[in-house]
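Chains as they are written, first to last, in my numbering: chain D, 1 to 113; chain F, 1 to 114.
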């Protein structure tokens with residue numbers, strides 16, 4: 001079985017500040033790691049993923065996440081946030097067999113002017 | 001390429017009633033997973049359908065059931081609705097035939113049980 005813990009339920013930051021959203025996971029089997037973003041009243045959008053290889057993965061809109069196997073973490077970072085980054089962010093682990101995703105409780109990122 | 005679509009967008013039902021939610025998978029995908037997202041929480045896995053058969057189930061009672069059709073679209077049925085069934089129901093499509101089985105989500109159906 002897998003579990004995901006997102007360490008901060010809410011993260012308020014000012015525009016252009018750096019941000020880190022923390023995610024720890026546990027699993028007895030190999031997993032893939034994902035970050036999804038959810039804007040109000042919408043579904044989930046895949047932000048980035050770690051499958052194998054380089055432990056640092058990047059998205060097209062400036063977010064990056066680093067897989068740390070020893071600490072079982074997959075923290076999400078952005079060096080400079082925009083108002084439009086305000087959303088709920090979910091960390092998830094996926095079984096390599098391709099079945100279920102297990103999500104954390106989410107972190108609400110609020111970017112203030 | 002058509003994305004994942006769900007219908008209806010919103011639904012209001014009374015406790016004890018039955019409801020059917022629908023999902024059309026993304027072109028080229030043969031697998032549909034359903035998730036329940038209660039207010040303020042992360043999505044919880046309900047079950048997955050692959051080639052018209054259930055392929056994994058989360059901790060949900062049997063009154064949650066599903067179907068997958070030959071065109072890979074899917075239905076989620078919930079019988080004997082309870083107040084706690086009020087949630088956003090998300091469907092995700094993927095392909096089990098090729099790694100890494102990324103799941104792409106639809107916009108969801110907001111179910112309110114009164």
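All C-beta atoms, glycine included, are put in the ideal place defined by N, C-alpha and C.
Three-way DSSP call (helix, strand, coil) for residue i in this model
{"i": "residue 60 of chain D", "result": "coil"}
{"i": "residue 7 of chain F", "result": "strand"}
{"i": "residue 83 of chain F", "result": "helix"}
{"i": "residue 84 of chain D", "result": "helix"}
{"i": "residue 104 of chain D", "result": "coil"}
{"i": "residue 30 of chain F", "result": "coil"}
{"i": "residue 93 of chain F", "result": "strand"}
{"i": "residue 18 of chain F", "result": "coil"}
{"i": "residue 65 of chain F", "result": "strand"}
{"i": "residue 19 of chain D", "result": "strand"}
{"i": "residue 111 of chain F", "result": "strand"}
{"i": "residue 71 of chain F", "result": "coil"}
Chain F residues whose Cβ lies nearer than 8 Å to that of residue i
{"i": "residue 101 of chain D", "result": "33, 35, 43, 45, 92, 103"}
{"i": "residue 90 of chain D", "result": "42, 43"}
Under 9 Å by beta carbon: chain F residues contacting residue i
{"i": "residue 53 of chain D", "result": "Those within 9 Å of residue 53 of chain D in chain F number zero; the least Cβ separation is about 12 Å."}
{"i": "residue 20 of chain D", "result": "Here the premise fails: no neighbours, minimum Cβ distance about 19 Å."}
{"i": "residue 46 of chain D", "result": "102, 103, 104, 105"}
Residues that residue i contacts on chain D, provided the C-beta gap is smaller than 9 Å
{"i": "residue 96 of chain F", "result": "97, 98, 99"}
{"i": "residue 66 of chain F", "result": "Within chain D, no residue comes near residue 66 of chain F; the closest Cβ sits about 14 Å away, beyond 9 Å."}
{"i": "residue 28 of chain F", "result": "Neighbours of residue 28 of chain F on chain D: none; closest Cβ ~15 Å, over 9 Å."}
Beta bridge counterpart(s) of residue i as assigned by DSSP
{"i": "residue 5 of chain D", "result": "D/24"}
{"i": "residue 12 of chain D", "result": "D/110"}
{"i": "residue 65 of chain D", "result": "D/57, D/76"}
Rounded straight-line distance, which links the Cα of residue j to that of residue i
{"i": "residue 37 of chain D", "j": "residue 87 of chain D", "result": "7 Å"}
{"i": "residue 110 of chain D", "j": "residue 85 of chain D", "result": "8 Å"}
{"i": "residue 7 of chain F", "j": "residue 97 of chain D", "result": "28 Å"}
{"i": "residue 63 of chain F", "j": "residue 80 of chain F", "result": "7 Å"}
{"i": "residue 4 of chain D", "j": "residue 90 of chain D", "result": "10 Å"}
{"i": "residue 67 of chain F", "j": "residue 13 of chain D", "result": "44 Å"}
{"i": "residue 63 of chain D", "j": "residue 89 of chain F", "result": "27 Å"}
{"i": "residue 100 of chain D", "j": "residue 76 of chain D", "result": "22 Å"}
{"i": "residue 34 of chain D", "j": "residue 103 of chain F", "result": "10 Å"}
{"i": "residue 70 of chain F", "j": "residue 29 of chain F", "result": "12 Å"}
{"i": "residue 45 of chain D", "j": "residue 16 of chain F", "result": "33 Å"}
Listed by chain order, chain D residues near residue i by CB distance under 8 Å
{"i": "residue 56 of chain F", "result": "99, 100"}
{"i": "residue 107 of chain F", "result": "42, 43"}
Per-residue contacts from residue i into chain F (C-beta, under 7 Å)
{"i": "residue 105 of chain D", "result": "41, 42"}
Requested in this report: Mind checking the stretch 55-86 of chain D against chain F and listing, in chain order, the residues whose C-beta falls within less than 7 Å of any C-beta there?
Outcome: none
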